[in-house]
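Structure first, then comments.
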Amino acid sequence: MADKPPPSLDDAHKRLFDEGLKIRYEVAGKPYVDRSLLSASFFTKPMQELVTEACWGSVWSRPGLERKQRSLLNIGMLCALNRGAELAVHVRGGVNNGLTEIEIREALLQVSIYVGMPAGLEGFRIAEKVLREIQEEKAHPSHVYSLCLLWITAGMLAMPITHSPSMGAHKASIKAHYYA
1 MADKPPPSLD DAHKRLFDEG LKIRYEVAGK PYVDRSLLSA SFFTKPMQEL
51 VTEACWGSVW SRPGLERKQR SLLNIGMLCA LNRGAELAVH VRGGVNNGLT
101 EIEIREALLQ VSIYVGMPAG LEGFRIAEKV LREIQEEKAH PSHVYSLCLL
151 WITAGMLAMP ITHSPSMGAH KASIKAHYYA
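Counted the way the UniProt record's numbering counts, the sequence shown spans residues 1 to 180.
Below, the structure is given as structure tokens:
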């Protein structure tokens, strides 16, 4: 087994994880992020840490682009790469970052021309579904909260966290889980 990194490196990882978690919550939404982190297995936990540190903590925290611009870029790239699940997350994140339906639509039209109609059509299907869900959530916010709790609970039951006995129910904090 590899030696434990020096404390200064541990501190750097912690700072990037903390900043990444903050940004990830703000962009993707707490229910989605909590579900992703709490359902991580012993095998997938390092990937969640890397995504939170490198993607969200290092790149999304950089100056030079607004979050709205980063969201628009991600929507285009994920549509072009045919990564539907992540596209859905970033359409929602784009709305959270201030993108309008028109801006999302225009980005997908641009992708359709440069990448191909099948990718564009699939991107439109995914984006429209997410945009409808967001409208429904605004119309019935308490219903959404119940669904989020069910989502998280079901995810935990389907994939229990066996590598961290202290986790218990959703009451334990993400940070405690990831710094354990």
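Yeah, the Cβ is synthetic: ideal placement off N, Cα and C, and Gly gets one too.
Is the Cβ-Cβ distance between residue i and residue j less than 7 angstroms?
{"i": "residue 212", "j": "residue 130", "result": "This structure leaves residue 212 out entirely; the chain is present only between 1 and 180."}
{"i": "residue 23", "j": "residue 56", "result": "yes"}
{"i": "residue 126", "j": "residue 65", "result": "no"}
{"i": "residue 89", "j": "residue 134", "result": "no"}
{"i": "residue 81", "j": "residue 53", "result": "no"}
{"i": "residue 61", "j": "residue 99", "result": "no"}
{"i": "residue 132", "j": "residue 97", "result": "no"}
With a threshold of 8 angstroms on Cβ separation, who are the neighbours of residue i within its own chain once the five nearest residues in sequence on each side are excluded?
{"i": "residue 120", "result": "79, 108, 109, 111, 112, 113"}
{"i": "residue 118", "result": "none"}
What is the DSSP secondary structure of residue i, counted as helix, strand or coil?
{"i": "residue 39", "result": "coil"}
{"i": "residue 66", "result": "coil"}
{"i": "residue 34", "result": "helix"}
{"i": "residue 72", "result": "helix"}
{"i": "residue 2", "result": "coil"}
{"i": "residue 109", "result": "helix"}
How far does the alpha helix (DSSP H) with residue i in it extend, from its first residue to its last?
{"i": "residue 11", "result": "7–28"}
{"i": "residue 97", "result": "Counting along the chain, residue 97 falls outside any alpha helix (DSSP H), and DSSP gives it neither H nor E."}
{"i": "residue 50", "result": "45–50"}
{"i": "residue 57", "result": "Counting along the chain, residue 57 falls outside any alpha helix (DSSP H), and DSSP gives it neither H nor E."}
{"i": "residue 123", "result": "117–139"}
For residue i, I'd like the list of residues in its chain whose CB is within less than 7 angstroms of its CB, leaving aside the five on either flank, ordered along the chain.
{"i": "residue 154", "result": "Legend: pLDDT at residue 154 = 49, less than 50; position of this residue unreliable, value from coordinates given subsequently. Excluding residues within five positions, none has a Cβ falling inside 7 angstroms."}
{"i": "residue 84", "result": "122, 126"}
Looking only at its chain, what residues have a beta carbon closer than 6 angstroms to the beta carbon of residue i, apart from the 5 residues adjacent to it on each side?
{"i": "residue 124", "result": "108"}
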